[in-house]
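Comments concern the structure below.
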Amino acid sequence: MHDVVRDGKASGEVVVRAPWLTQGYLKNPEASAQLWEGGYLHTQDIASIDAKGYLQITDRIKDVIKSGGEWVSSLEIESLISQHPGVSEVAVIGIKDDKWGERPVALVVRKLQYEVPVSEDDIRKHVLAFSETGQISKYAVPQIVKIVDQLDKTSVGKLNKKRLREQFAARAQEEAAS
1 MHDVVRDGKA SGEVVVRAPW LTQGYLKNPE ASAQLWEGGY LHTQDIASID AKGYLQITDR
61 IKDVIKSGGE WVSSLEIESL ISQHPGVSEV AVIGIKDDKW GERPVALVVR KLQYEVPVSE
121 DDIRKHVLAF SETGQISKYA VPQIVKIVDQ LDKTSVGKLN KKRLREQFAA RAQEEAAS
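Read in order, the letters of the sequence shown correspond to residues 1 to 178 in full-length UniProt numbering.
So, in structure tokens, the structure goes:
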């Protein structure tokens, strides 16, 4: 474990230590040991710190897409896609890729009242424009975009990315078999 450079770009997991933090999980010593590995509570959040010391959380470890040795923030891609006026909701997940390890896939819910229904190609071009201005790396541009009717949510209304990854993997296997 080491500190990241305070440049607003280098990122790592947020770990914290304080006497008022939870000491572990009830009746789960293995998970508690993992939570407190090295004497710090591991939040599972990925963040960067700028020169002024401001912390910006960029993603959750389980949602980061590892593509070609680089970390790609699913939240960053979601934020860019959500700026398209024809997008109601978006989730970006990682899928296995033989060459790159993982690749981002965008699952997009269209805005029904938008004048022209947004297409998968529209979304790719939209994100590629951010790549051309240097706001996002080219390897972060999703090559696969799927228009969906809805996105699975948890009981508290958050995107259920675990379930979305499972559904997309099953769908990809079905498509490959046919």
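Backbone N, C-alpha and C fix where the C-beta goes; we use that ideal spot for every residue, glycine too.
| Check | Outcome |
| --- | --- |
| When R124, I61 and I49 are compared against H42, the one with the closest alpha-carbon | I61 |
| N- and C-terminal bounds of the beta strand (DSSP E) containing P104 | G101 to R110 |
| Meets three-Cβ-pair contact criterion under 8 Å: the segment 87-98 and the segment 33-52 | no |
| CB-CB length for I77 against P104, believed under 8 Å | 6 Å |
| With 16 other Cβ atoms within 10 Å as the buried cut-off, status of A169 | exposed |
| Outcome for I73 when other beta-carbon atoms lying within 10 angstroms are tallied against a minimum of 16 | The sequence shown places Ser at residue 73, not Ile. Its Cβ being crowded by 16 or more others within 10 Å, S73 is buried. |
| Alpha-carbon spacing of V14 relative to E115, whole angstroms | 42 Å |
| Pair within 8 Å by beta-carbon distance, L128 and V148 | no |
| Extent of the continuous beta strand (DSSP E) to which I65 belongs | I65 to S67 |
| Euclidean distance between Cα positions of L26 and H2 | 29 Å |
| Reduced DSSP category for V127 - H, G, I as helix; E, B as strand; rest coil | helix |
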